[in-house]
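Numbered by my numbering, the letters in the sequence shown go through residues 293 to 670 in order.
Positions of the beta carbon are idealized from the N, C-alpha and C atoms, including for glycine.
Written out below as structure tokens is the structure these notes cover.
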Amino acid sequence: MVRHGAFAYTWDLVGDPSAAARFADLGIDTVTLQAAYHSVRATTAWHPAHRVVHADHAAAYFRIRPERWRGLRPLAPTWAVDDEDRFGTATAALSAAGLRAEAWVVLTHSSVLGRSAPEYAVINAYGEALNYALCPAQPAVHDYALTIVQEICEQYDVPALMLEACGWLGFEHACQHEKTSGADLSACARDLLSICLCPACAARLSLDVPQLAADIKLVVDRELQEGIGAGSNLADALGAERAGAIYRHRREVITGLVREAGALAGDRELLLMATDDPQVTGPDVGVGLSGFTPEPAAFVLKCWDDEEAAIARMKAAAARTGVPLVANVNALGERPSELPALAARLVSAGASELRYYHAGLASPARQAAIRAAVQEVT
Ligand SMILES: [Zn+2]
Numbered sequence: 293m294v295r296h297g298a299f300a301y302t303w304d305l306v307g308d309p310s311a312a313a314r315f316a317d318l319g320i321d322t323v324t325l326q327a328a329y330h331s332v333r334a335t336t337a338w339h340p341a342h343r344v345v346h347a348d349h350a351a352a353y354f355r356i357r358p359e360r361w362r363g364l365r366p367l368a369p370t371w372a373v374d375d376e377d378r379f380g381t382a383t384a385a386l387s388a389a390g391l392r393a394e395a396w397v398v399l400t401h402s403s404v405l406g407r408s409a410p411e412y413a414v415i416n417a418y419g420e421a422l423n424y425a426l427c428p429a430q431p432a433v434h435d436y437a438l439t440i441v442q443e444i445c446e447q448y449d450v451p452a453l454m455l456e457a458c459g460w461l462g463f464e465h466a467c468q469h470e471k472t473s474g475a476d477l478s479a480c481a482r483d484l485l486s487i488c489l490c491p492a493c494a495a496r497l498s499l500d501v502p503q504l505a506a507d508i509k510l511v512v513d514r515e516l517q518e519g520i521g522a523g524s525n526l527a528d529a530l531g532a533e534r535a536g537a538i539y540r541h542r543r544e545v546i547t548g549l550v551r552e553a554g555a556l557a558g559d560r561e562l563l564l565m566a567t568d569d570p571q572v573t574g575p576d577v578g579v580g581l582s583g584f585t586p587e588p589a590a591f592v593l594k595c596w597d598d599e600e601a602a603i604a605r606m607k608a609a610a611a612r613t614g615v616p617l618v619a620n621v622n623a624l625g626e627r628p629s630e631l632p633a634l635a636a637r638l639v640s641a642g643a644s645e646l647r648y649y650h651a652g653l654a655s656p657a658r659q660a661a662i663r664a665a666v667q668e669v670t
């Protein structure tokens, strides 16, 4: 039996008494519900009180108990229908409709905190802070991320937490106002610009960090200014030894976070948004799936790009790990009518669960595609 779920925002549910039934009508059994989330502008096609929600900073949608936080603390939302416990209200509505709610938790993506505390942001080789990205090697960020997990687990009876950005965000930001594409940066140069050399990372990397920064700048500048490619990957650009040290550092920090989050979560499942490429930074953390310990309850693999690439990645992941795999599929793509066939192929390739993105954002045609995919794959 394949589990089908869909992502949703709390504001899709809070203040809309018919939303949970509308989601249940998709045929899904699970909703992956926003608990901590970055800024976004989102449509809400059916909500009685609003059509467009502008969440203009990262926020926690669970109840914030001020006494539980030290150092970094998430902000409360001020948009959409006000409710001091939006996550609790939304999970109650889902539960009443017979739906299982899991917490969707974005850990290190917060421009509002990165701006207010730039000392905790990711710092690239040029010494520039990526202020939307908090560095998980910083003890204050580590504490912040774990307090989010702890506060959700102590306050809500959810069976699972899906962890997004449980590591480093890098150069890619997907911000609406990006003006970087004209520089034609290669994937490798972007990954070089994603390497964090903040004091916490510098202290943990067993490398000559000033030399590393100088070499990164040399390679990136050659590409930016002379059009000479940075190389095919970090090992190519920096040498295998230094690339390996960077990957080991990242893996240690990410596994440490997952281990401590798992201890706080007890018997709740941890679903880790991940990729099998240790060079990758972003919402799906780059780790080698093979031998990753502690094992999460599942790895969540993003399958939003080219269908053949997504299928190949799912097959490769299934061959490399015995950990269950959840396919995160995009119902907002160019061809929603192909969603049922894609879902079926992903399950054949090794996925044991599906999560559709996104119940609240999908148009009627896209909702119909989700409904058809649920019926297609049982
Ligand atoms: Zn760092």
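Taking C-alpha atoms, which residue in the options lies nearest to residue i?
i, options, result
"residue 613", "625, 590, 393 and 374", "590"
"residue 635", "624, 615, 668 and 388", "668"
"residue 484", "571, 370, 306 and 410", "571"
"residue 347", "331, 575 and 357", "331"
"residue 378", "387, 522, 326 and 357", "326"
"residue 547", "566, 532 and 529", "566"
"residue 316", "353, 407 and 385", "385"
"residue 584", "543, 501 and 433", "543"
"residue 398", "425, 500 and 626", "425"
"residue 643", "611, 577, 356 and 462", "611"
"residue 685", "663, 622 and 466", "Lying outside 293 to 670, the shown extent of the chain, residue 685 is not represented and no answer is given."
"residue 578", "541, 557 and 561", "541"
"residue 456", "482, 298 and 395", "395"
"residue 504", "538, 342 and 293", "538"
"residue 452", "392, 419, 488 and 617", "392"
"residue 523", "340, 552 and 481", "481"
"residue 624", "475, 647 and 487", "647"
"residue 429", "488, 373 and 665", "488"
"residue 684", "365, 406 and 319", "Shown here, the chain extends from 293 to 670; a query on residue 684 therefore has no answer."
"residue 629", "558, 552 and 655", "655"
"residue 355", "324, 406 and 441", "441"
"residue 444", "535, 561 and 462", "561"
Label residue i either buried or exposed according to how many other C-beta atoms from any shown protein chain fall within 10 Å of its C-beta, with 16 as the threshold for buried.
i, result
"residue 601", "exposed"
"residue 500", "exposed"
"residue 597", "exposed"
"residue 344", "exposed"
"residue 338", "exposed"
"residue 459", "buried"
"residue 401", "buried"
"residue 293", "exposed"
"residue 296", "buried"
"residue 417", "buried"
"residue 472", "exposed"
"residue 637", "buried"
"residue 309", "exposed"
How is the alpha helix (DSSP H) around residue i delimited, first residue to last?
i, result
"residue 639", "631-641"
"residue 606", "599-612"
"residue 379", "378-388"
Below 8 Å on the Cβ atoms is my contact criterion, and I expect residue i with residue j to pass it. Report the Cβ-Cβ distance as a whole number of Å.
i, j, result
"residue 563", "residue 609", "Not a contact, Cβ separation roughly 14 Å."
"residue 336", "residue 304", "6 Å"
"residue 350", "residue 404", "5 Å"
"residue 353", "residue 302", "5 Å"
"residue 586", "residue 550", "6 Å"
"residue 515", "residue 477", "7 Å"
Which of the three DSSP states is assigned to residue i in this structure?
i, result
"residue 503", "helix"
"residue 303", "helix"
"residue 471", "coil"
"residue 342", "coil"
"residue 327", "strand"
"residue 315", "helix"
"residue 666", "helix"
"residue 394", "strand"
"residue 541", "helix"
"residue 647", "strand"
"residue 441", "helix"
"residue 520", "coil"
"residue 554", "helix"
"residue 579", "coil"
"residue 349", "coil"
"residue 618", "strand"
"residue 485", "coil"
"residue 510", "helix"
Along the chain, where does the beta strand (DSSP E) containing residue i start, and where does it finish?
i, result
"residue 334", "332-335"
"residue 561", "561-567"
"residue 452", "452-456"
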